[in-house]
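Structure first, commentary second.
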Amino acid sequence: MAYKVWISGQLYEKEDAKVSVYDHGLLYGDGVFEGMRSYGGKVFRMQEHLDRLWNSAKAIWLTIPMTKEAMANAVNETLKVNGIQDGYIRLVVTRGAGTLGLDPNRTSDPQVIIITDLISLYPAEFYENGLEIVTVSVIRNHPAALSPRIKSLNYLNNILAKIEGLQANCVEALMLNHKGEIA
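Have a look at this one:
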């Protein structure tokens, strides 16, 4: 089934869902996201997830151009249109398209993206037998540099940790913080 993606008030076929190449979310990781799950067509702890999304946006001085109620309605609409009962929802808010350069005041309206899809993180055997992990050399971002409470679009340290884990033939990587503690 070809799922539809909700972008700033409109539903698009997955293949036609696009943002500008000048979007600061793409160019600079300037935006926030939230991942949620639905079970039986109901989103698990939606209000808590929306609160966290709004808090992340506030922390980077990004105004989400809709209310939490409107976003909840859009999430439910997107799930329904796609016929998803048990699935994954990815909310993304970017600063919007702008000029080259870091100035957030030179961007257009923020973009809100809602993706709903099915997700299977691991094969069934991992749930039954467990899986191997490895402690990697990549550390979690220092909280003085970027608050871990902000779910920003910049996930590069997580991606590098994943790559290092995969190179060690492990599907998951364990990251430490700057103190050497499990992050």
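If you're matching positions, the sequence shown starts at 1 in this note's numbering and goes up one per residue.
Here a beta-carbon is modelled for each residue, glycine too, at the ideal position from N, C-alpha and C.
Contacting residues, own chain, Cβ-Cβ under 7 Å from residue i (five flanking each side not counted)
i: ALA72; result: MET46, LEU50
i: MET175; result: VAL136, VAL138, ILE139, ARG140, ALA161, ALA183
i: HIS178; result: ILE139, HIS142
Residue i vs residue j beta-carbon contact at 9 Å
i: LEU184; j: VAL32; result: The first residue shown for the chain is 1 and the last is 183, placing residue 184 beyond what the model contains.
i: ASP30; j: PRO104; result: yes
i: ALA183; j: ILE139; result: yes
i: THR67; j: ILE89; result: no
i: ILE114; j: THR78; result: yes
i: ALA70; j: ILE150; result: no
i: SER108; j: GLY98; result: yes
Contacting residues, own chain, Cβ-Cβ under 8 Å from residue i (five flanking each side not counted)
i: ALA57; result: VAL32, THR63, ILE64, VAL93
i: TYR39; result: GLN85, ASP86
i: LEU153; result: GLY25, GLY29, ASP30, GLY31, VAL32, PHE33, VAL92, THR94
i: CYS170; result: LEU131, GLU132, ILE133, VAL134
i: PHE126; result: VAL171
i: ALA2; result: GLU13, LYS14, GLU15
Cutoff 6 Å; reference residue i; Cβ partners in own chain excluding five residues on either side
i: SER8; result: GLN111, VAL112
i: GLY41; result: GLN85
i: PHE44; result: ARG37
i: ARG106; result: GLY98, THR99
i: ALA168; result: VAL134
Cβ separation of residue i and residue j, assumed to be a contact under 8 Å, to the nearest whole Å
i: LEU11; j: VAL81; result: 6 Å
i: ASP23; j: GLY96; result: 6 Å
i: GLU172; j: GLY180; result: Not really, about 19 Å apart at Cβ, beyond 8 Å.
i: VAL21; j: LYS14; result: Between LYS14 and VAL21 the Cβ distance is about 19 Å, and since that is not below 8 Å, they are no contact.
Within-9 Å CB hit, residue i to chain D
i: GLU48; result: In the structure shown, chain D does not exist; there is a single protein chain.
Endpoints, the beta strand (DSSP E) within which residue i is located
i: TYR122; result: Neither: TYR122 is in no beta strand (DSSP E) and is coded neither H nor E.
i: VAL93; result: 87 to 94
i: LYS4; result: 4 to 7
i: MET175; result: 172 to 176
N- and C-terminal bounds of the alpha helix (DSSP H) containing residue i
i: GLY165; result: 156 to 167
i: GLU15; result: It is not in any alpha helix (DSSP H) - GLU15 carries neither H nor E in the DSSP assignment.
i: SER137; result: Premise fails: SER137 lies in the beta strand (DSSP E), 133 to 139, not in any alpha helix (DSSP H).
i: GLU181; result: Where GLU181 is concerned, there is no enclosing alpha helix (DSSP H), given that its DSSP letter is neither H nor E.
Residue(s) in a DSSP beta bridge with residue i
i: GLY35; result: ARG90
i: LYS42; result: TYR39
i: ALA70; result: Partner(s): none; ALA70 has no beta bridge.
i: ASP23; result: ALA97
i: VAL112; result: VAL93
i: SER152; result: VAL32
i: THR63; result: Paired residue(s): none; THR63 is not in a bridge.
Heavy atom of the ligand GTP within 8 Å of residue i beta-carbon
i: ARG140; result: Ligands in the displayed structure: none, and consequently the ligand GTP is not present.
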